[in-house]
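Read through the structure below, which is laid out as structure tokens, and then see the notes.
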Amino acid sequence: MRIAAYLAHPRPGSFNHALFDAVADELRRRGCLVSAHDLYAEGFDPLLTAQETETVGEAGATAGPGSAGAALARHRAEVGQADALVFVHPNWWGMPPAVLTGWVQRVLVPGVAYKLGTAEGDPVGLLSASRALVLNTSDTPAEREQREFNDPLNSIWGSCVLPYTGVTDVRRAVFRTVTDSSDAQRAAWLGQARDMAAALLR
Numbered sequence: 000m001r002i003a004a005y006l007a008h009p010r011p012g013s014f015n016h017a018l019f020d021a022v023a024d025e026l027r028r029r030g031c032l033v034s035a036h037d038l039y040a041e042g043f044d045p046l047l048t049a050q051e052t053e054t055v056g057e058a059g060a061t062a063g064p065g066s067a068g069a070a071l072a073r074h075r076a077e078v079g080q081a082d083a084l085v086f087v088h089p090n091w092w093g094m095p096p097a098v099l100t101g102w103v104q105r106v107l108v109p110g111v112a113y114k115l116g117t118a119e120g121d122p123v124g125l126l127s128a129s130r131a132l133v134l135n136t137s138d139t140p141a142e143r144e145q146r147e148f149n150d151p152l153n154s155i156w157g158s159c160v161l162p163y164t165g166v167t168d169v170r171r172a173v174f175r176t177v178t179d180s181s182d183a184q185r186a187a188w189l190g191q192a193r194d195m196a197a198a199l200l201r
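Mapping the sequence shown onto numbering that gives the first Met the number 0, position 142 (from 1) lands on 141, and the numbers just tick up by one.
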């Protein structure tokens, strides 16, 4: 099984990194081919160019010349070939970090992740992946997150992004609150992340 996994957190040694490493390790241990990307460490450029807003053709058609274009084309090819997707990132202002938002805008483009199927603009998903795992960290208590903000990350991934590409099974966990968590709590969360990674294969 091919898994494309993406981490968006700028600080090495963060709990997001620990979650990402645990999930990638669990999937590899179970025989998966994991393409693991630390978007900050790789220096992924999140800036959508004017030319890319006209992308309507094949994967990488408007990626542009040079190494940056080649890297973008590889990301598009990998996500198109994956059987499942994994995203690990913190909740920042109810949004993913900018590098991951830019990844979505530059990689999940028409001709790669979806096409517009009708005159009304209803999308047809193109990704092979039917399932995805989204792991988030937060320092906002769950009750306040739901009461005041209505969990915007759930809407972003579960309604706005992944179903548009054909991913119909979106699994998500939020680990909170991270800053005041104990070592024992973090160890339990890492175990939960491994369990969810294993379940992704079933």
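No residue lacks a Cβ here, since even glycine has one placed at the ideal position from N, Cα and C.
Please read these numbers as outputs of a predicted model, since none were measured by experiment.
Only exposed fits S129, as fewer than 16 other CB atoms lie within 10 angstroms of its CB.
Taking the Cα of A40 as reference, the smallest distance to any Cα among P11, V87, R185 is reached at P11. In this structure, R1 sits near A81, with a CB-CB distance shorter than 7 Å. For a cut-off of 8 Å, the C-beta gap from L46 to G101 is around 6 Å, short enough to register as a contact. Here R170 has R130, A131, L132, V133, M195, A198, L199 as same chain residues with Cβ atoms under 8 Å from its own Cβ, once five neighbours each way along the sequence are excluded. Rounded to the nearest angstrom, the Cβ distance from A7 to L38 is 5 Å, consistent with a contact under 8 Å. Taking C-beta atoms as the reference points, V98 and T136 fail to come closer than 7 Å.
Residue pairing for S137: DSSP places it in a beta bridge opposite R175. The three-state secondary structure of R201, taken from DSSP, is coil. As a beta-bridge residue in DSSP terms, H88 pairs with N135. Distance from A83 to T164 at the Cβ level is roughly 12 Å; contact not present, criterion being Cβ atoms closer than 8 Å. In terms of Cβ geometry, V87 and N15 form a close pair [threshold 7 Å].
By alpha-carbon distance to N90, the top candidate from E144, L71, A49 is E144. When the Cα atoms are used, S127 and D168 turn out to be separated by approximately 12 Å. Look at S129 here: in three-state DSSP terms it is coil, with no helix or strand label. Proximity to C31 across T139, A3, S13, T52 peaks at A3, based on C-alpha coordinates.
Within 10 angstroms of the beta-carbon of W92 lie fewer than 16 other beta-carbons, which makes it exposed.
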